[in-house]
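First up is the structure itself, then whatever we jot down about it.
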Amino acid sequence: VGGTKSHRSEDWLERNGICTDRLVIAASGVDQAGRGAFLKSGVKAGDVVSPMPVMQIDCRILHTSPDSDTQPRPLLTNYVMQHVDSDVCLVPYNVLVSYINHAPSTTRTQSSSTSIHPHANVELRWSTHAHLHHKNKHFHDLEGQTLLRGDYGFGLLMELVALRDMDVNEELFLDYGTAWEDAWERHVKQWKPPPPMSHDTNTRENKPDPTLFNENHYISASEYQTKIQTEQNGILRTHAEQQTLPYPPNLQTVCQFSHTDTTQYYSITKPHPSNQQTQTVYQTVWEPMPTSKNDCLRKCRILARHVLTATSTATANQALPQSQSQTQSQTRYYYNVEILAQSTNLHPDCFNFDDENELVYVDQIPESAVMIMDVVDTRDSYLETAFRHPIGFPDGLLPKLWKR
Numbered sequence: 003v004g005g006t007k008s009h010r011s012e013d014w015l016e017r018n019g020i021c022t023d024r025l026v027i028a029a030s031g032v033d034q035a036g037r038g039a040f041l042k043s044g045v046k047a048g049d050v051v052s053p054m055p056v057m058q059i060d061c062r063i064l065h066t067s068p069d070s071d072t073q074p075r076p077l078l079t080n081y082v083m084q085h086v087d088s089d090v091c092l093v094p095y096n097v098l099v100s101y102i103n104h105a106p107s108t109t110r111t112q113s114s115s116t117s118i119h120p121h122a123n124v125e126l127r128w129s130t131h132a133h134l135h136h137k138n139k140h141f142h143d144l145e146g147q148t149l150l151r152g153d154y155g156f157g158l159l160m161e162l163v164a165l166r167d168m169d170v171n172e173e174l175f176l177d178y179g180t181a182w183e184d185a186w187e188r189h190v191k192q193w194k195p196p197p198p199m200s201h202d203t204n205t206r207e208n209k210p211d212p213t214l215f216n217e218n219h220y221i222s223a224s225e226y227q228t229k230i231q232t233e234q235n236g237i238l239r240t241h242a243e244q245q246t247l248p249y250p251p252n253l254q255t256v257c258q259f260s261h262t263d264t265t266q267y268y269s270i271t272k273p274h275p276s277n278q279q280t281q282t283v284y285q286t287v288w289e290p291m292p293t294s295k296n297d298c299l300r301k302c303r304i305l306a307r308h309v310l311t312a313t314s315t316a317t318a319n320q321a322l323p324q325s326q327s328q329t330q331s332q333t334r335y336y337y338n339v340e341i342l343a344q345s346t347n348l349h350p351d352c353f354n355f356d357d358e359n360e361l362v363y364v365d366q367i368p369e370s371a372v373m374i375m376d377v378v379d380t381r382d383s384y385l386e387t388a389f390r391h392p393i394g395f396p397d398g399l400l401p402k403l404w405k406r
């Protein structure tokens, strides 16, 4: 498949290729940074750590004016590179390099209140690769607005270069610029916990659980799940229980479920409760899924909760996949649920259905396959108080014709 050109010699690859396998993602050593990029092998000063292809976009589309703190800006803002004198933003699309966190270069001193690595250890440059940098000059010779309005496609290529010798497993840091660092300092000093997401009404029945939810603070699914485990013995509420004691509106219940080759359904047809059509109800018993379908998390509604008896505990544990193996003492509950219609935000291996005239009921789902998850676009990174600022693009790298 692909003909003779799909197989290249090592000599050809040395002359024409770029290594893209030097980075690995792991937990960062930087406070509040989440994950970072680390070296899979040592490098020498001046080595290309990673190629960084970039796509040009109009900064004004993202509302990423560095001097504006009031415009709503999408999460992508944090990953684009922008120079203050240009409307051309560059978006890296080598995913791994987006995990490289900030640290100042050795030529300036970081703020004393910023807990980060002492100095940057990589820097940006336009690619000098003999066979792959040819489009850079062509794009650099275009005026910024011409580049943004024209259909020039992809082609810009940058590189991350090591500033010093580094060993395997060392975390990488890039200088995002003084404007970014100042914006981060302001954000840290001014940040306040966001208020909870409001329910549709202010009635007592629609307020979040006061024992688990501080009404002055937002709470994520992971934090809420931990509270459920420690304060509610891991018990998830049924749909009926949530009518008087609902979860925060940014959270939802999801179930791990998909069809398998052995899934058998019992079906009945009944009148639809709100129109003249009929509804088909498909009912089945939960089964362990193939490994490829373990990410099939579906929105679901808990209809009933049952305490496992000794017999049912053994049966339930036999059904658990290896990745979710539990001891009999760990498996305490199973749930009967309705799988809600859903055709988006699904793992590619999951089946889709969005027909409101079909209901899918699944019985005996073990507690390990039912969980609380953030509603799409409600995680803390999407909150109005979340940090947004583009990465600074170095003065010396900005083509003259791209300036305003």
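Count along the sequence shown starting at 1, add 2, and that's the number in this note's numbering.
Every residue gets a Cβ at the ideal spot worked out from N, C-alpha and C, and that includes glycine.
> Can the beta-carbon of His-85 be found closer than 8 Å to that of Phe-395?
Replying inline: As a working mapping, residue 85 is identified with position 83 in the sequence shown. As a working mapping, residue 395 is identified with position 393 in the sequence shown. Closer than 8 Å, so yes.
> Taking C-alpha atoms, which residue in Ala-343, Ala-371, Glu-360 and Cys-302 lies nearest to Tyr-335?
Replying inline: Numbered from 1 along the sequence shown, position 333 holds the residue referred to as residue 335. It is Ala-371 whose Cα lies nearest to the Cα of Tyr-335.
> Quick one, are the C-beta atoms of Asp-167 and Ala-47 less than 8 Å apart?
Replying inline: As a position in the sequence shown, residue 167 is number 165, starting the count at 1. As a position in the sequence shown, residue 47 is number 45, starting the count at 1. The beta carbons of Asp-167 and Ala-47 sit closer together than 8 Å.
> Starting from Leu-159 and walking both ways along the beta strand (DSSP E), at which residues does that stretch end?
Replying inline: Residue mapping note: residue 159 aligns to position 157 of the sequence shown, counting from 1. Unbroken beta strand (DSSP E) run through Leu-159: 158 to 164.
> Helix, strand or coil: how does DSSP classify Leu-98 here?
Replying inline: Here residue 98 refers to the residue found at position 96 of the sequence shown. Taken through DSSP and simplified to helix, strand or coil, Leu-98 comes out as helix.
>> Looking at Leu-238: is its Cβ nearer than 8 Å to the Cβ of Ile-304?
In response: On the sequence shown, residue 238 is found 236 positions in, with the first residue counted as 1. On the sequence shown, residue 304 is found 302 positions in, with the first residue counted as 1. If you check the CB distance, Leu-238 and Ile-304 come in under 8 Å.
>> My output table needs one value for Phe-259: the three-state DSSP class, helix, strand or coil.
In response: Taking the sequence shown and counting its residues from 1, the one referred to as residue 259 is at position 257. In the three-state scheme derived from DSSP, where H, G and I count as helix and E and B as strand, Phe-259 is classed as coil.
> Rounded to whole angstroms, how far is the Cβ of Glu-338 from the Cβ of Ala-306, which I believe are closer than 8 Å?
Replying inline: Counting from 1 along the sequence shown, the entry for residue 338 is found at position 336. Counting from 1 along the sequence shown, the entry for residue 306 is found at position 304. Inspection of the sequence shows that residue 338 is occupied by Asn rather than by Glu. Taking the Cβ atoms as the reference, Asn-338 lies roughly 4 Å from Ala-306, within the contact range of under 8 Å.
>> Alpha carbons only, please: which of Lys-42, Leu-41 and Ser-129 is nearest the one belonging to Met-54?
In response: Position 52 of the sequence shown holds residue 54. Measuring from the Cα of Met-54, the nearest candidate turns out to be Ser-129.
>> Quick check: what's the CA-CA separation for Arg-75 versus Leu-159?
In response: In the sequence shown, counting from the first residue as 1, residue 75 sits at position 73. In the sequence shown, counting from the first residue as 1, residue 159 sits at position 157. Roughly 26 Å separates the two Cα atoms.
> Relative to the C-alpha of Asp-379, which residue among Val-309, Leu-253 and Thr-286 is closest?
Replying inline: One-based indexing of the sequence shown puts residue 379 at position 377. Out of Val-309, Leu-253 and Thr-286, Leu-253 has the C-alpha closest to the C-alpha of Asp-379.
> Quick one: what does DSSP say Thr-203 is sitting in, helix, strand or coil?
Replying inline: By 1-based counting over the sequence shown, the position of residue 203 is 201. Its pLDDT being 37, under 50, Thr-203 is placed unreliably in this model, and the value from its coordinates should be taken loosely. Residue state for Thr-203 is assigned as coil, using DSSP reduced to three classes.
> Which of helix, strand or coil does DSSP assign to Lys-229?
Replying inline: In the sequence shown, residue 229 corresponds to position 227, counting from 1. Three-state DSSP puts Lys-229 in a helix.
> Who are the Cβ neighbours of Glu-369 in its own chain at under 6 Å, not counting the five residues just before and after it?
Replying inline: Within the sequence shown, the letter at position 367 stands for residue 369. Excluding sequence neighbours, Glu-369 sits near Tyr-335.
>> At the level of alpha carbons, what is the spacing between Lys-402 and Asn-96?
In response: Within the sequence shown, numbered from 1, the residue matching residue 402 stands at position 400. Within the sequence shown, numbered from 1, the residue matching residue 96 stands at position 94. If you draw a straight line from the Cα of Lys-402 to the Cα of Asn-96, it is about 26 Å long.
>> So the candidates are Trp-404, Glu-243 and Asp-397; which of them puts its Cα closest to the Cα of Gly-179?
In response: For the purposes of this step, residue 179 is identified with residue 177 of the sequence shown, where counting begins at 1. Checked all of Trp-404, Glu-243 and Asp-397; the closest Cα to Gly-179 is Asp-397.
> Starting from Leu-305 and walking both ways along the beta strand (DSSP E), at which residues does that stretch end?
Replying inline: The residue you call residue 305 lines up with position 303 of the sequence shown. First-last of the beta strand (DSSP E) with Leu-305: 299 to 309.
> With DSSP run on the structure shown, which of helix, strand or coil describes Ala-28?
Replying inline: In the sequence shown, residue 28 corresponds to position 26, counting from 1. Residue state, collapsed to three classes: strand.
> Which same chain residues, not among the five before or five after Tyr-101, have their C-beta less than 7 Å away from its C-beta?
Replying inline: Position 99 of the sequence shown holds residue 101. These residues qualify, in order along the chain: Ile-27, Arg-37, Gly-38 and Ala-39.
> Do the CB positions of Asp-60 and Lys-405 come within less than 8 Å of each other?
Replying inline: Stepping through the sequence shown from its first residue, residue 60 is reached at position 58. Stepping through the sequence shown from its first residue, residue 405 is reached at position 403. In this structure, Asp-60 lies away from Lys-405, with their beta-carbon atoms at least 8 Å apart.
>> I need the DSSP call for Met-168, collapsed to helix, strand or coil.
In response: Stepping through the sequence shown from its first residue, residue 168 is reached at position 166. DSSP places Met-168 in strand when its eight states are reduced to three.
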